[in-house]
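Novice: Those protein sequence lines, which keep their order, are chains A and B. For the first sequence, my numbering gives the first residue as 1, with consecutive numbering after it. For the second sequence, my numbering gives the first residue as 1001, with consecutive numbering after it.
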Amino acid sequence: MAIASSHVVADVVEATEFPELANRYAVRGVPKTVINDSIDILGNVPEQMFLEHLKRA
Amino acid sequence: MAFLTADNQNELKKIFEELSGDVRLEFYTQHESPIIVPGGMDCPTCKDARQLLEEVVALSDKLHLEIHEVSADGEVAREHDIPRVPALVMTADGVNGKVRYFGLPSGYEFSVLIGSLLDVSKAQTDLSEETMEVLNALDKDLHIQVFVTPT
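Structure (structure tokens):
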């Protein structure tokens, strides 16, 4: 999505190396995706479902 | 000691034949001091991440590594909007947003990194039409953070 849109910043973050960050977002299992600090998605989800979450951001 | 074995290197060279556009890898790491500062190593994986990237980039002419050392006063980091190190920003022509990786890409995450390099290089996506519509209609920024762990 970041490739397609200049509005998107896509980060992959190693949770074990940045525990304060992982705690802030209460990362217990991975992968965990956080969009705009407000939407959480646990696990790998299909594109359609990801899109539904994204629309709520 | 190298991270990549000769077999790894050969495999990667083959994969990198698929690279299309040149990829710029902007790597942000802690300033490496020749002096050992007691209690000063804030970034335990910075050195390994740097070495790993140097090994990867050596395998293709289309991969270009730029190393930025983040100083104690944080100015470079602020200028480039880098919240933590080690940080890698991958970019190429045709990439509109930002694709970044924070931490050492080990284990399964290494293949995620290689996949990202290919995607960025091709600057293509296989997103659905609906997703593209939503993206094109965005009127605000989206910050997507995916938390992973090395396996």
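Note that beta-carbon positions come from the ideal geometry of N, C-alpha and C, so glycine has one too. Computed from a predicted model, the values in this text were never measured in an experiment.
Just to confirm my understanding: we take Y1028/B, look at its own chain, exclude 5 residues before and 5 after, and list those with CB closer than 6 Å. What are they?
Specialist: Along the second sequence, read from residue 1 onward, the residue named residue 1028/B stands at position 28. Closer than 6 Å at Cβ, skipping near neighbours: H1068, V1070, I1082, V1085, A1087.
Novice: Less than 9 Å separating the beta-carbons of H1080/B and R1024/B?
Specialist: On the second sequence, residue 1080/B is found 80 positions in, with the first residue counted as 1. On the second sequence, residue 1024/B is found 24 positions in, with the first residue counted as 1. Result no, Cβ atoms of H1080/B and R1024/B do not sit closer than 9 Å.
Novice: According to DSSP, is A10/A helix, strand or coil?
Specialist: Translated into the one-based positions of the first sequence, residue 10/A becomes position 10. In the structure shown, A10/A sits in a strand (DSSP, three-state: E or B).
Novice: DSSP on D40/A, reduced to helix/strand/coil?
Specialist: Along the first sequence, one-based indexing puts residue 40/A at 40. Three-state result, D40/A: strand.
Novice: By a C-beta neighbour count over all protein chains shown, 10 Å radius and 16 as the cutoff for buried, is D1119/B buried or exposed?
Specialist: Mapped onto the second sequence, residue 1119/B falls at position 119. Buried: at least 16 other Cβ atoms inside 10 Å.
Novice: If you drop the 5 nearest sequence neighbours on each side, which residues of the same chain put their C-beta closer than 7 Å to that of G1094/B?
Specialist: Start at 1 with the first residue of the second sequence, and residue 1094/B comes out as number 94. These residues qualify, in order along the chain: G1021, A1123.
Novice: So what's E1018/B in DSSP terms, helix, strand or just coil?
Specialist: As a position in the second sequence, residue 1018/B is number 18, starting the count at 1. Looking at E1018/B - three-state DSSP - the assignment turns out to be coil, as it is neither helix nor strand.
Novice: If I measure Cβ to Cβ from E1130/B and keep anything under 7 Å in the same chain, skipping five residues before and after, which residues do I get?
Specialist: Stepping through the second sequence from its first residue, residue 1130/B is reached at position 130. So the list is empty, once near-sequence residues are dropped.
Novice: Cα-Cα, which of T1149/B, P1150/B, K1140/B is closest to R56/A?
Specialist: Within the first sequence, residue 56/A is the residue found at index 56, counting from 1. The residue with the shortest Cα to Cα distance from R56/A is K1140/B.
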